[in-house]
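Residue numbers (my numbering), protein chains in the order written: chain A, 2 to 300; chain B, 31 to 395; chain C, -2 to 297.
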């Protein structure tokens, strides 16, 4: 091995080492959460703590997904706690899925149509609307939440999943709009003109030529919208007040109420909340990055 | 089908793009709109396609006004500069799209697509997507998409500008052949005068939103109507000299160059500009009143020819094209001879040709 | 004049397509903001809607004379600035690490970007677990290697609570900076590096003279964006510390939430929101200036 080759191999090895350290540091909290969620109660508080559980168990996951009541030992007697958060987990999960998909669908449809209109037709306000959206993009959600809450009270939609769909539209629409606008601008008008000359009507052009071309942008905007809606705590906390209609984020925080915190259960809940986002992320990472390029950062 | 443009005007807000364009493209001819970028040629083409609104004037296809017709009702086909292939569709679907939206039976579409693909020699590419094709292949798909539908009018917007030089030359011949096969009126837009000269039946030279001259390639090359056309057509570009007309000759510095017959009514002493192509000049051994004298400042070998630049005054250089065998040294003193029949004369103020035969050509239009 | 407007039906299509957005934006964005501004001038108790009364400037007078508002503002500013500082430094560093063609880089890239999609609630829960003073793994680790002599109370002393929320924020949002910087790095022309090499620049000089100037623009944009968003953050603080211990990690969003939700002073909460909005406007103007937006669309 020549000196140069040795040097470049060493450089490569040290680079990998640095990468591994950084990646492990970043991923450690997640790994630890996963590890905790798989431990039996006895092992969770063991000293020294174990990264790889000695005995793995799925009891925490079963408790959440099975919706069974939790019992815990107190003074030698087994006693029921009454309705526990774990019982509602699957219900909250479904609620979260419904409001996330509902709001994303609305935001995407509305912003895609609007972005097409804004980039292809001229009328008053056409250059103002995207920047107006950008401004909305930067508004603190705390501003929207109480006025919207009062609106929902008047519409008698409080404690209703629909109120959350509307609330999430309010926070996802601006950046979906901005992102779709940036994306639509990058689609050359010529391909639409070619379709017009080929004999397509305006609607055919939109459905058969523009939409398929805009698909990467639509996917990127959808991912962002899903992440934001799934992530929300504030709107869920303010709009919903019955256990039945809570979303995951607000519901899981209720696990802290009471005197006893079941860390194994909480970490299992955390893992289950993250899994859908993780799947989405792994499947569509490429589009996520592309979305950053088009939406959040210009040039 | 012939295309008639009557008094076409186009403006965006206060900016005037086209002014009073009157042209008649005869049926089945290959007509080129030629001009530098920003001259309005593409806008005019897009108006014929129906992609652009007409501010004033009338467009007629075979005598029928089409101003208000949507592009799809004009039975036209268009090849775009960027090709504008549908990125998510395969070549096969790209070619068939125009027939599909017109609800042609699938079997017929397949036949038409296969036929065109064979003609264009892209039948092995039918199941690829545009991103997997080379520039030349995309170009052929774009052409094919236009040919599949048997249009009355075939529009092309600088279709060769994205190809490399060699491919461009071969495609020129092919486009010409497709035009004959297609039996349609072709309107072709380009800024490349060589393309226009080699392919067209008729050329409309455009500048600043106006048609400067409309005629055969021969017309615009040999009888340029004005200074712009003279300078734009031909390569290497024409030499221009400022001077005054005096007794049928052209006074420039010490020389009095010979002129061809001028149109009647040209005032003596009029400030004028003459233009002579480098190919029409020759080097002679002796000075004379029909020659300018200067030093050779540049020699370029073009292959079979040599282009020589002669410094005839402090500010003025003239290029002369001579046979490659001619031996000329840098700095050598030479005499450049002008001949009357190949000299073009223009009014310095109006920039219009002052030649007798140009006036005849003008009247013929 | 439009490229398409010659067909009257076409214009209708354009207006039809924008209509849902206009309606949605008016109802769910413009109206709430207008309502928030209106509420800022009223006494508003959601439990006693009959007692709504015009308050003039008194809500604003209330917050401006409330020491908690000012300390929330100060803490929020510190939180924002430190978060952005670390996010930028780590973000650029990680992006430079990832910007290499090495085997397995896609896996590292994926894992390092992952925190961005982890829900804030989940991160807050994990943080509370691993930073638990008695049973948390972080204290255990630090104690066992001897870095600290006794457990650190991560979430129950003001300084450490602030540090913990900053760590959470940096952990979650550094990937954002990484993605943006990485995208920009990939478009830096390689000739520039070759030219610098030919000119005799070492690796460090190449970073200073080639990479950094190319990143300048994207960094400015990212920093402005992130500053505005971070300043407005609510969940990242509230879920981890509820603004505590005491009020030591309050920022303006938490202050506004607590005024509205706990003290039922919706008017005061709204007034705080309006103040935040004004600060945001100033930030946006800076951003628009910096990014040069609006120049290319002027003719439209």
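Here a beta-carbon is modelled for each residue, glycine too, at the ideal position from N, C-alpha and C.
Rounded to whole angstroms, what's the CA-CA distance from residue i to residue j? Just pull it up for me.
| i | j | result |
| --- | --- | --- |
| residue 239(A) | residue 168(A) | 11 Å |
| residue 84(C) | residue 234(C) | 17 Å |
| residue 216(A) | residue 117(C) | 28 Å |
| residue 251(B) | residue 263(B) | 6 Å |
| residue 209(A) | residue 131(B) | 10 Å |
| residue 15(A) | residue 211(C) | 27 Å |
| residue 281(C) | residue 266(C) | 22 Å |
| residue 73(A) | residue 63(A) | Here residue 73(A) scores only 46 on pLDDT, less than 50, and its place in the model is too uncertain to base an answer on. |
| residue 187(A) | residue 221(B) | 26 Å |
| residue 203(A) | residue 194(A) | 10 Å |
| residue 13(C) | residue 93(A) | 37 Å |
| residue 150(B) | residue 192(A) | 21 Å |
| residue 178(B) | residue 120(B) | 15 Å |
| residue 282(A) | residue 270(C) | 33 Å |
| residue 238(C) | residue 258(A) | 14 Å |
| residue 224(A) | residue 225(C) | 22 Å |
| residue 91(A) | residue 198(C) | 60 Å |
| residue 251(A) | residue 217(C) | 35 Å |
| residue 285(B) | residue 300(B) | 16 Å |
| residue 95(C) | residue 102(C) | 7 Å |
| residue 12(A) | residue 203(C) | 18 Å |
| residue 137(A) | residue 175(A) | 6 Å |
| residue 189(B) | residue 334(B) | 30 Å |
| residue 129(A) | residue 123(A) | 12 Å |
Where DSSP assigns a beta bridge to residue i, which residues make up the other side?
| i | result |
| --- | --- |
| residue 305(B) | 270(B), 374(B) |
| residue 279(B) | 276(B), 288(B) |
| residue 348(B) | 340(B) |
| residue 365(B) | 314(B), 323(B) |
| residue 220(B) | 64(B) |
| residue 88(B) | 36(B) |
| residue 256(B) | 382(B) |
How about residue i: is its C-beta nearer than 7 Å to some C-beta of chain E?
| i | result |
| --- | --- |
| residue 110(B) | Given the protein chain composition of this structure (A, B and C), no chain E is represented. |
Along the beta strand (DSSP E) that carries residue i, what are the first and last residues, could you check?
| i | result |
| --- | --- |
| residue 240(B) | 240 to 245 |
| residue 288(B) | 285 to 288 |
| residue 49(B) | 45 to 55 |
| residue 185(B) | 183 to 187 |
| residue 237(B) | 232 to 237 |
Using the beta-carbon of each residue, which ones in chain A are nearer than 7 Å to residue i?
| i | result |
| --- | --- |
| residue 147(B) | Correct list: empty, because the minimum Cβ distance to chain A is about 17 Å. |
| residue 117(B) | 214 |
Just to confirm the assignment, what range does the alpha helix (DSSP H) spanning residue i have?
| i | result |
| --- | --- |
| residue 50(A) | Note, residue 50(A): premise wrong, no alpha helix (DSSP H); not H, not E. |
| residue 133(B) | Neither: residue 133(B) is in no alpha helix (DSSP H) and is coded neither H nor E. |
| residue 169(B) | 165 to 177 |
| residue 314(A) | The shown model of chain A, from 2 to 300, leaves out residue 314(A), and the question about it has no answer. |
| residue 137(C) | 134 to 141 |
| residue 191(C) | 187 to 195 |
Verify the contact flag: residue i, CB atom, against every heavy atom of the ligand FAD, threshold strictly below 6 Å.
| i | result |
| --- | --- |
| residue 127(B) | With respect to small molecules bound, the structure shown includes none, and the ligand FAD cannot be examined in it. |
Who are the neighbours of residue i on chain C, taking C-beta pairs under 8 Å?
| i | result |
| --- | --- |
| residue 37(A) | 126 |
| residue 103(A) | Near residue 103(A) there are no residues of chain C at all, since even the closest Cβ is about 13 Å away, more than 8 Å. |
Just checking my contact of residue i with residue j at CB under 8 Å: how many whole Å lie between their CB atoms?
| i | j | result |
| --- | --- | --- |
| residue 101(A) | residue 185(A) | Not really, about 24 Å apart at Cβ, beyond 8 Å. |
| residue 373(B) | residue 296(B) | Contact flag wrong, Cβ pair sits at about 14 Å. |
List the residues of chain C whose Cβ lies closer than 7 Å to the Cβ of residue i, in chain order.
| i | result |
| --- | --- |
| residue 235(A) | 231, 232 |
| residue 209(A) | Residues of chain C passing the Cβ test: none, with the nearest at roughly 15 Å. |
| residue 6(A) | Residues of chain C passing the Cβ test: none, with the nearest at roughly 16 Å. |
Closer than 9 Å by beta-carbon distance: list the chain B residues that pair up with residue i, in chain order.
| i | result |
| --- | --- |
| residue 116(A) | The premise fails here: residue 116(A) is roughly 18 Å from chain B at the closest Cβ pair, so nothing lies under 9 Å. |
| residue 197(A) | 79, 80, 81, 100, 101, 102 |
| residue 194(A) | 76, 79, 81, 101, 108, 110, 114 |
What does residue i touch in chain C if you count any residue whose Cβ is under 9 Å from its own?
| i | result |
| --- | --- |
| residue 85(A) | None at all; the shortest Cβ gap to chain C is about 17 Å. |
| residue 27(A) | 91, 108, 109, 111, 112, 168, 171, 172 |
| residue 286(A) | 103, 106, 107, 110 |
Below 9 Å on C-beta distance, what does residue i contact in chain A?
| i | result |
| --- | --- |
| residue 266(C) | 143, 147 |
| residue 63(C) | Residues of chain A passing the Cβ test: none, with the nearest at roughly 17 Å. |
What in chain B is Cβ-close to residue i, meaning under 7 Å?
| i | result |
| --- | --- |
| residue 189(A) | 112, 114 |
Below 8 Å on C-beta distance, what does residue i contact in chain A?
| i | result |
| --- | --- |
| residue 132(B) | 200 |
| residue 29(C) | 144, 145, 148, 149, 152, 171 |
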